[in-house]
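First residue of the sequence shown: 1, per the UniProt record's numbering; consecutive thereafter. Think of the CB as a built atom: it goes at the ideal place given N, C-alpha and C, for glycine as much as any other residue.
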Amino acid sequence: MFLKTLDSKGAIIINKEHQYMMEVLVEGTRVMQMAKLFRGRDIPFDVIVSDTSGCGGTRRIRSPLANRLRCPITLFADRSLDWRDFYPLQVVYTFLNDLEKAFPSTCTVSVIGRSVEGRDIKMLKISNSDANNTGIWLDGATHAREWISTAVVTYIADYLARNFDTLSVNYTSKDWYFVPVVNPDGYQHSHTSDRMWRKNRAVYGNVISGVDLNRNFGYFWGRGGMEHSSGDPSHLNYRGPEPFSEPETTAIKDIILYSGTPFKIFLSFHACSEAISFPWCHTADPCPDYVNLLEGGTAMAKAIFETTGRMYKVGNFKDIMYYASGTSIDWSYGTARIPFSYLVELRSKQDRFTLPREEIIICCKEILNGVKALVEFSDKKKCLNCSVIPKKLRN
Ligand SMILES: [Zn+2]
């Protein structure tokens, strides 16, 4: 194999080998050259630049080159996403690019921002480019360890892209926006170093404390007590120093407010409480669209139940979860005025964040049917708090 040849010639040192990925060490000055070589051969990779302690592995390799090799690079097996396993960031991004190549008339991949550590935040848009379309937003991995959310978002994207020509107008009259990994640094960190990492990788107080991105949005940011969010960087729910202090939340804000698409549905996928929740998160008061949101959530839950027998709870966030302020759905509903805003907590209550890989596809299928039911429901409903009407009020 190509990499073994490079290793035998001393150009790289293969440091670790796993089923789908390999870590190699490359001399710092040759990283760019190697990256070009990997790109030329379509080998997905990620340069691990943030953590030089990863070079500690070189000491274990008895090679005259070892002392000069400083930069670890993770390479990923050339295997497409198949929802039989969880995949690292670069495999997810390669999947998006491949979908765009396969369906260029409907799929467009763009970079909507860069993370704290400089990774791309990639978005896939699926659309027939009709100017009358309304928008649907789906995002995953706001919280790094909730890997199933990325699987679900990519699965739905794949389904839509492959079946676009035969789908009913309910689905094709929409601009679909997919951001499978809102928090690429945290997601990568959860795959390589700390499986239970939740926040992004921002530095506050001279350490990588991370910000809870679902407390960093600008609507009612920092309001309420300790249960709503925390001002302490070491806390799991640290809200950051100010609203939208983080590039990851800012990227979402900008694309939603300035894309020109009137969004009607906003779905943010999390794990693991098996619940379909809607605004508000910061107060127990009902929002203006409470009845619509309850009915839409119930339509989703019914479709999920009919697919797999799984029962997802439905209710406003505070009632079925807890208080939280600065969340994305309070912002998408309250500021961006997206009437059908939901935070969906995926499987599973039993296994929490480490969902067995055998359950990935079944979870994706039940949620796909849930989303389809919501789309059909929302098409029949007029909303009280809709972005289609007060577009000028948004700034
Ligand atoms: Zn979460």
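Are residue i and residue j closer than 8 angstroms when you measure CB to CB?
i: LEU346; j: TYR155; result: no
i: PHE353; j: ARG145; result: yes
i: GLU246; j: ASN214; result: no
i: PRO184; j: SER80; result: no
i: SER378; j: GLY296; result: yes
i: ILE255; j: VAL375; result: no
i: SER268; j: LEU343; result: yes
i: ILE338; j: SER277; result: no
i: THR150; j: VAL181; result: yes
i: ASP330; j: HIS282; result: yes
i: ALA251; j: ILE112; result: yes
i: ALA131; j: LEU257; result: no
i: LYS174; j: ILE148; result: no
i: ILE304; j: GLU366; result: yes
i: TYR204; j: PRO233; result: yes
i: residue 398; j: MET311; result: What is shown of the chain runs 1 to 395, which leaves residue 398 out entirely.
i: PHE284; j: LYS318; result: Correcting the residue type first, residue 284 is Ala in the shown sequence and not Phe. Closer than 8 angstroms, so yes.
Among the residues of its own chain, which have a CB less than 8 angstroms from the CB of residue i, if the five just before and after it don't count?
i: LEU160; result: ILE126, LEU167, TYR171, TRP176
i: GLY57; result: Because GLY57 carries a pLDDT of 34, less than 50, the predicted location of this residue cannot be relied on, and the following value inherits that uncertainty. Result list for GLY57: ASN15, LYS16, GLU23, LEU25, PRO72, in chain order.
i: TRP197; result: ALA144, ARG145, GLY186, HIS189, SER190, GLY210
i: LYS302; result: ALA373
i: PRO241; result: TYR204
Which same chain residues end up closer than 7 angstroms to residue i when comparing Cβ atoms and leaving out the 5 residues on each side of it in sequence?
i: ILE362; result: THR308
i: GLU227; result: TYR322, TYR323
i: GLU17; result: none
i: ARG357; result: ARG84, ASP85, PHE86
i: LYS349; result: CYS272, SER273, GLU274
i: GLY315; result: SER277
i: PHE2; result: ARG41
i: CYS364; result: TRP83, ALA151, VAL152, TYR155
i: GLN90; result: PRO44, PHE45, ASP46, PHE76
i: ASN128; result: THR106, THR172
Tell me, which residues are paired with residue i by DSSP?
i: THR134; result: LYS174
i: CYS107; result: ILE126
i: MET34; result: According to DSSP, which records beta bridges pairwise, MET34 is partnered with nothing at all.
i: SER230; result: TYR238
i: LEU368; result: Its beta-bridge partners do not exist; DSSP assigns none.
i: residue 398; result: No answer is possible for residue 398: the residues shown for the chain start at 1 and end at 395.
i: VAL207; result: TYR204
i: LEU346; result: ALA271
i: ASP120; result: ARG114
i: MET1; result: According to DSSP, MET1 bridges with nothing at all.
i: LYS16; result: GLU23
Which residues in the same chain as residue i place their Cβ atom closer than 6 angstroms to its Cβ, once the five residues preceding and following it in sequence are excluded?
i: LYS381; result: ASN292
i: ASP212; result: LYS199, ASN237, TYR238
i: CYS287; result: PRO279, TRP280
i: GLY326; result: ARG215, ASN216, PHE217, TRP221, SER229, ARG239
i: THR52; result: Per-residue confidence for THR52 stands at a pLDDT of 42, beneath the threshold of 50, marking its modelled position as unreliable; no derived number is given.
i: residue 470; result: No information on residue 470 is available, as it lies outside the stretch 1 to 395 that the chain covers here.
i: LEU96; result: VAL109, LYS122, LEU124
i: VAL179; result: MET123, ASP139
i: ILE12; result: LEU6, VAL24, VAL26
i: PRO88; result: HIS191
i: THR298; result: VAL314
i: ALA141; result: SER149, THR150, VAL181, VAL182, ASN183, TYR187
i: SER259; result: none
If we cut at 8 angstroms on Cβ distances, does residue i have a partner in chain C?
i: LEU368; result: Of the protein chains in the structure, only one exists, and it is not chain C.
Residue i: beta carbon under 7 angstroms from a heavy atom of ligand 3?
i: HIS270; result: No copy of ligand 3 occurs in the structure displayed; its ligands are ligand 1 alone.
Just the residues with CB closer than 7 angstroms to a heavy atom of ligand 1, in chain order, which are they? THR142, HIS143, GLU146, ASN214, HIS270, ALA271
Please give me, in chain order, every unbroken run of the beta strand (DSSP E) with length at least 3 that falls completely inside the segment 236-280. 263-271, 275-278
Return the chain-ordered ranges of every alpha helix (DSSP H) run that is complete within the segment 278-344 and spans a minimum of 4 residues. Within the segment 278-344, complete alpha helix (DSSP H) segments of at least 4 residues are found at 290-308, 317-320, 328-334, given in chain order.
Residue ranges of each alpha helix (DSSP H) within the segment 180-205, 4 or longer: Listed in chain order, the alpha helix (DSSP H) runs fully inside the segment 180-205 are 184-192, counting runs of at least 4 residues.
Every unbroken alpha helix (DSSP H) inside the segment 134-170 [4 residues or more]: Counting only runs of 4 or more, we get 147-163.
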